[in-house]
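One structure is given here, and the rest of the page talks about it.
Numbering (this note's numbering), first residue to last: 71 to 126.
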């Protein structure tokens, strides 16, 4: 499961193509990861846990 999440983050980070974006690939991955975590509503964590891999 972790490898799947890492692969999705990698694909999403590589898809960010902007000549004005000077972030490294690692920085893009980190930003996407934090963004995914901060979008989780604590009131719905148990509901999201079962479908989290489909949302990342």
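Where is the CB? At the ideal position from N, CA and C, for every residue including glycine.
Practice task
Would you mind stating whether residue 82 and residue 102 have Cβ atoms separated by less than 9 angstroms?
Solution key: The answer is yes: Cβ separation under 9 angstroms.
Exercise for the section: For residue 87, I'd like the list of residues in its chain whose CB is within less than 7 angstroms of its CB, leaving aside the five on either flank, ordered along the chain. Expected result: none
Exercise for the section: Whole angstroms is fine: what's the gap from residue 99's alpha carbon to residue 90's? Expected result: 17 angstroms
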